[in-house]
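J.:
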Amino acid sequence: MTNDTTQTTDAAAADDRTASTDDADQTDGPRHGDDRVAPGSLPGGEGRPLSDVTVIELGHIIAGPFCSMVLADLGAEVIKVESPDHGDAVRDSSPIGNSSFNYVNRNKLGVTLDLKSDAGIAAFHELVREADVLVENFGAGTADRLGVGYDDLSAVNDALVYCSIKGFNPGPYESFPALDPVAEALSGVMSVTGHPDQPPVRSGTSLSDMAASLYAAVTVLGAIRQRETTGEGQHITVPLFESTVALMGYWLAYTQAYDDVPGPMGASHPGWAPYDVFRSADDEWVFVGPSSERAWQRFCDALDLDLADDERFATLADRLDNREVLHDRVAATCAEFEATELVSRLQAADVPVAPVNDTEDVSRDAHLRATEALAEVRATEGAGDRVETPRFPGRSTGFDRVASSDPPALGEDTEAVLAALGYEPEAIDRLREDGVI
24 MTNDTTQTTD AAAADDRTAS TDDADQTDGP RHGDDRVAPG SLPGGEGRPL
74 SDVTVIELGH IIAGPFCSMV LADLGAEVIK VESPDHGDAV RDSSPIGNSS
124 FNYVNRNKLG VTLDLKSDAG IAAFHELVRE ADVLVENFGA GTADRLGVGY
174 DDLSAVNDAL VYCSIKGFNP GPYESFPALD PVAEALSGVM SVTGHPDQPP
224 VRSGTSLSDM AASLYAAVTV LGAIRQRETT GEGQHITVPL FESTVALMGY
274 WLAYTQAYDD VPGPMGASHP GWAPYDVFRS ADDEWVFVGP SSERAWQRFC
324 DALDLDLADD ERFATLADRL DNREVLHDRV AATCAEFEAT ELVSRLQAAD
374 VPVAPVNDTE DVSRDAHLRA TEALAEVRAT EGAGDRVETP RFPGRSTGFD
424 RVASSDPPAL GEDTEAVLAA LGYEPEAIDR LREDGVI
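Okay, structure coming up:
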């Protein structure tokens, strides 16, 4: 989606916008409306790995919010701080942008603060004093200009783990704006995505944003662990570009080892055949990929193909040498079956196969229903009041998954959070009258 940015969201879309944070408390059940409560008093974080960790999020769009959402899913209390004027840029943007907000901002508390005002900065510093982690994905230099950079905040709390998600690590590119597709293009991902003789294409999701977010969350966990020994905070920088390059690692190694540059692959793979999507009799697409000699034999048996004894396809090397002929034969055979039968036959034969699902198919998927992989949250825009988004996919024998709470309305938890910091009602009213919250 074109809105999915990280550092660049700031640099390109809202360079000097007020930052924001969310206190995302984990709950055993959804929090809606009047059920939202002050930080530290929500059930559900207890017993989870990060139940004693408070995270401030100065995030927007995808990268910063996705990182802090992962930390919230592990039990952290996340406080999302936004500008009282407009909040996160995707709150009321396009349907796709708004949908991304509903997904990546679950399990958080919402606070508004004007960080360009003295009173707003003072309140923010009170939050920082009580926090363990801060996550931001402003454009290069913006956090420092707002007075919320690492040097500013480490002076307030020297144990703070400060995580910056940027377009690039410090170096020649560090000041460049960096949308998700910029990282995909520079990293080589676009060069291997799409089809030969067609223009390069980006992935259909925010690949670079989410890759950087996950690397950021892992690095934050490492910094928290190190702080247990040193007692000191630190500044982490995680870039979109380098994070996406990391996803291309084996292709970089391949090019250097074999002096060959891979091109667009479609759904195929240069090291396997058959390995592609094929159209069924009922005009559906199905991925098929027998990935061993035994699987190839089972594939042929399951579809009554006489190819296993054909010397042109006897080994993987033979199948690669005759890839086009093989593809045509497999395509013709797959076209004789409806998708459900094709998938059923190959699954029964223990051959890797899958229908190519769209998002509606995914939302109805029987396995996801059985594993309770999706959870409802409030929809801030759109046709319905509730939407389903993916829950944290990992499971542990040591702690339960957190049920998704609603993404906060703009400033929904401001008064509760300020009260927990010791602000009297009169002081909170004064901040509201002055436009600070």
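Okay, so the sequence shown: first residue is 24 according to the numbering used here, each after it adds one. Beta carbons are placed, not taken as given, at the ideal position from N, Cα and C, and that holds for glycine. Just so we're clear, the structure is a prediction, and the values are computed from it rather than from any experiment.
Who pairs with residue 135 in a beta bridge, going by DSSP?
T.: Answer by DSSP bridge pairing, in chain order: 105.
J.: Any heavy atom of the ligand MG closer than 7 Å to the CB of residue 124?
T.: Of the ligands one can find in the structure shown there are none, so the ligand MG has no counterpart to examine.
J.: Please report the residue range of the alpha helix (DSSP H) in which residue 387 lies.
T.: No alpha helix (DSSP H) holds residue 387; DSSP gives it neither H nor E.
J.: Can you tell me which of the three DSSP states residue 295 falls into?
T.: Residue 295 falls in the coil class under three-state DSSP.
J.: Using the Cβ count rule (16 or more neighbours within 10 Å means buried), how would you classify residue 425?
T.: Its Cβ being crowded by 16 or more others within 10 Å, residue 425 is buried.
J.: When the Cα atoms are used, what is the spatial distance from residue 252 to residue 390?
T.: For residue 252 and residue 390, the distance between alpha carbons rounds to 42 Å.
J.: Going straight from the alpha carbon of residue 387 to that of residue 294, what length do you get?
T.: Each residue's alpha carbon lies about 33 Å from the other.
J.: Which partner residues of residue 301 appear in the DSSP bridge assignment?
T.: According to DSSP, residue 301 bridges with 309.
J.: Let's test the definition: count the other Cβ atoms within 10 Å of the Cβ of residue 265 and tell me whether it reaches 16, buried, or not, exposed.
T.: Per the 10 Å Cβ criterion, buried.
J.: Below 8 Å, can you find three or more Cβ-Cβ pairs linking the stretch 111-120 to the stretch 152-163?
T.: The stretch 111-120 is not in contact with the stretch 152-163.
J.: Within 10 Å of its beta-carbon, does residue 306 have 16 or more other beta-carbons around it, so buried, or fewer, so exposed?
T.: The residue in question, residue 306, is exposed, as its Cβ has fewer than 16 Cβ neighbours within 10 Å.
J.: Taking the beta carbon of residue 437 as the centre, do at least 16 other beta carbons fall within 10 Å, making it buried, or is it exposed?
T.: With 16 or more Cβ atoms within 10 Å of its Cβ, residue 437 is classed as buried.
J.: For the beta strand (DSSP E) containing residue 77, list its first residue and its last residue.
T.: Residues 77-81.
J.: Determine the contact status of residue 260 and residue 187, defining contact as a CB-CB distance below 8 Å.
T.: In this structure, residue 187 lies closer than 8 Å to residue 260 by Cβ.
J.: By Cβ distance below 6 Å, which residues in the same chain neighbour residue 313 in space, the five residues on each side in sequence not counted?
T.: Excluding positions up to five away in sequence, the list reads 319, 322, 374.
J.: When you compare each of 100, 164, 399, 139 to residue 133 by their alpha carbons, which one comes out closest?
T.: The candidate whose alpha carbon is nearest that of residue 133 is 100.
J.: State yes or no: is the C-beta of residue 415 within less than 8 Å of the C-beta of residue 96?
T.: Contact: yes.
J.: Are residue 376 and residue 369 close, meaning C-beta to C-beta below 8 Å?
T.: The answer is yes: Cβ separation under 8 Å.
J.: Pair every Cβ in the stretch 221-229 with every Cβ in the stretch 178-195, then say whether three or more of these pairs are closer than 8 Å.
T.: No contact exists between the stretch 221-229 and the stretch 178-195.
J.: If the criterion is Cβ atoms closer than 8 Å, does the pair residue 301 and residue 268 meet it?
T.: The answer is no: Cβ separation not under 8 Å.
J.: Measure the alpha-carbon distance for residue 84 versus residue 280 and round it to whole angstroms.
T.: Each residue's Cα considered, the two are about 39 Å apart.
J.: Once you ignore the five residues that flank residue 411 on each side, which residues in its own chain have a CB closer than 7 Å to its CB?
T.: The answer, listed in chain order, is 386, 397, 398, 399.
J.: In three-state DSSP terms, what is residue 414?
T.: Looking at residue 414 - three-state DSSP - the assignment turns out to be coil, as it is neither helix nor strand.
J.: Please state the DSSP three-state secondary structure of residue 148.
T.: Three-state result, residue 148: helix.
J.: Judging by CA-CA distance, which residue of 342, 146, 116, 98 is the nearest neighbour of residue 440?
T.: With distances taken between Cα atoms, residue 440 lies closest to 146.
J.: According to DSSP, is residue 438 helix, strand or coil?
T.: It is helical.
J.: Compute the distance between the beta-carbons of residue 128 and residue 88, then report whether it is under 8 Å.
T.: Yes, these two residues count as a Cβ contact at 8 Å.
J.: Quick check: the Cα distance between residue 115 and residue 124, rounded to an integer number of angstroms?
T.: Taking the straight line from one Cα to the other gives about 9 Å.
J.: Following the continuous beta strand (DSSP E) through residue 448, name the residue where it begins and the one where it ends.
T.: Counting along the chain, residue 448 falls outside any beta strand (DSSP E), though it belongs to the alpha helix (DSSP H) covering 448-456.
J.: Helix, strand or coil for residue 277 per DSSP?
T.: DSSP places residue 277 in helix when its eight states are reduced to three.
J.: Does residue 185 come out as helix, strand or coil in the three-state DSSP assignment?
T.: Residue 185: strand per DSSP, three-state reduction.
J.: Apart from the five residues on each side of it in sequence, which residues of its chain come closer than 6 Å, Cβ to Cβ, to residue 346?
T.: 296.
J.: Rounded to the nearest angstrom, what separates residue 185 and residue 126 at their Cα positions?
T.: Cα to Cα, the separation comes out at about 24 Å.
J.: Buried or exposed: residue 107, going by 16 or more other Cβ atoms within 10 Å of its Cβ?
T.: The residue in question, residue 107, is buried, as its Cβ has 16 or more Cβ neighbours within 10 Å.
J.: Given this structure, state the Cα-to-Cα distance separating residue 449 from residue 443, to the nearest angstrom.
T.: In a straight line, the C-alpha of residue 449 is about 14 Å away from that of residue 443.
J.: With distances taken between CB atoms, is the gap from residue 270 to residue 158 smaller than 8 Å?
T.: No, the pair does not count as a contact, with Cβ atoms beyond the cut-off.
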